[in-house]
C-alpha cells in the first residue's frame, strides 16, 4: 500500500482467538452478534491477527507495534514478525523507529527478547501515560516491565501530538488505554490512519455503542472511535486497526446514517 511517497505494509506475527460475545458487545444486548455472524467462525470465535505495520518514509524504516513476540500467551500465538519483516527485505538492524499505539502485551512482544532490544538501532516511542500506567505505576504488569524496561535507554516518551518524521504524525486518542495513540500517514494528498486497538472489529464502525472488555475508559474509547470514524466517513481516508481481518485497510462509507467499513 502506498500513501503518496510513503509505503505501508502489514507484517504478521501470529493470531489470537476470542469468543466474540465474551469480549465485544453492546451493553444490555442479548445477542448482538446475531446479525454480524459472518464476521465469526461457526463457533462464534473472533480471529484476531497479531503483528504490526512496516512504514517506509524517506530514510526512515518504521515499525508500528511489535506483535506478541516469540511465545504463546493463552490463545495468542506469535513468533513470525521477524520473518515477516525479512520477507520485505528488512532486518532488525534496519528499523530506525518503533512506535507503539499502546502497551498491551500483544503490541510490544518483540520490543525486547531475553532482556535485549530486538531492534538495536531503533528509537522506541510511546505515550507517557501508557508507560506510567503499564510499566512504572500501580497497575504495572510483570510482562510489560520485563519486555519494555530493556529498551528504556533508547525510549522517547511523548505527551502531546507531534510529527515523528515527514508524513508520520502521532495523535493521542485515550480510552482503550490512557496513552492510546493513532499514527497518521499523509503524503501526496492522501491520508491513512493506523488505529491500534481503537477498534477490535470492523463491526464497531457501524455499531456506535459497542464496547470491548479491555477498554480502560469505555466511554472515552467509544467517543474517540466515533470521532475518527465520523471524520473519515465518505472521504478517501484509509483506516486500519491492529486486529482487522488480514490487517487490511478500508474506508468508512455511510448510507441512511449508518456507517460501514469497506476493505480495499
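Numbering (full-length UniProt numbering), first residue to last: 1 to 264. In this text, a Cβ means the ideal position worked out from N, Cα and C, and glycines have one as well.
For residue 1, the CB contacts under 8 Å within the same chain, skipping 5 residues up- and downstream, are 7, 8, 9, 192, 238, 249 in chain order.
In the structure shown, residue 122 adopts coil according to DSSP, grouped into three states.
Leaving aside the five residues that flank residue 144 on each side, the residues in its chain whose CB is nearer than 8 Å to its CB run, in chain order, 103, 105, 108, 134, 135. Annotation: residue 161 to residue 228 spans about 15 Å, alpha carbon to alpha carbon. Residue environment: residue 200 is assigned as buried (16 or more neighbouring CB atoms within 10 Å of its CB, all protein chains considered). Ranking 244, 168, 155, 222 by CA distance to the CA of residue 59 puts 168 first. In this structure, the straight-line span from the alpha carbon of residue 261 to that of residue 157 is close to 32 Å. Nearest C-alpha to residue 165 among 187, 41, 159: 187. For the pair residue 146 and residue 175, the CB atoms are not nearer than the 8 Å cut-off. Counting along the chain, the unbroken alpha helix (DSSP H) around residue 147 starts and ends at 142-148.
Counting along the chain, the unbroken beta strand (DSSP E) around residue 252 starts and ends at 250-255. Taking C-beta separations shorter than 6 Å and ignoring five residues to either side along the sequence, the partners of residue 84 in its chain run 11, 12, following chain order. Non-local C-beta neighbours of residue 139 in its own chain, meaning closer than 6 Å and more than five positions away in sequence, comprise 133, ordered along the chain.
Secondary structure at residue 162: strand, using DSSP grouped into helix, strand and coil. Following the DSSP letters along the chain, one finds residue 52 inside the beta strand (DSSP E) bounded by residues 45-57. Distance from the Cα of residue 93 is smallest, within the candidate group 117, 155, 75, 78, for 117.
When the five nearest sequence neighbours on each side are left out, the beta carbons in the same chain lying within less than 8 Å of the beta carbon of residue 120 are those of 92, 93, in order along the chain.
By the criterion of a C-beta distance shorter than 8 Å, residue 154 is surrounded in its chain by 117, 122, 123, 124, once the five residues flanking it on both sides are discounted. With contacts defined by Cβ atoms closer than 8 Å, residue 98 and residue 111 form a contacting pair.
In the three-state DSSP reduction, residue 88 falls in the coil class, being neither helix nor strand. The beta carbon of residue 4 sits closer than 8 Å to those of 167, 186, 187, 188, 189, 190, all from its chain and outside the five residues before and after it, given in chain order. By the CB criterion at 8 Å, residue 63 and residue 50 fall outside the cutoff.
A residue is called buried once 16 or more other Cβ atoms fall within 10 Å of its Cβ, and residue 184 is buried on that count.
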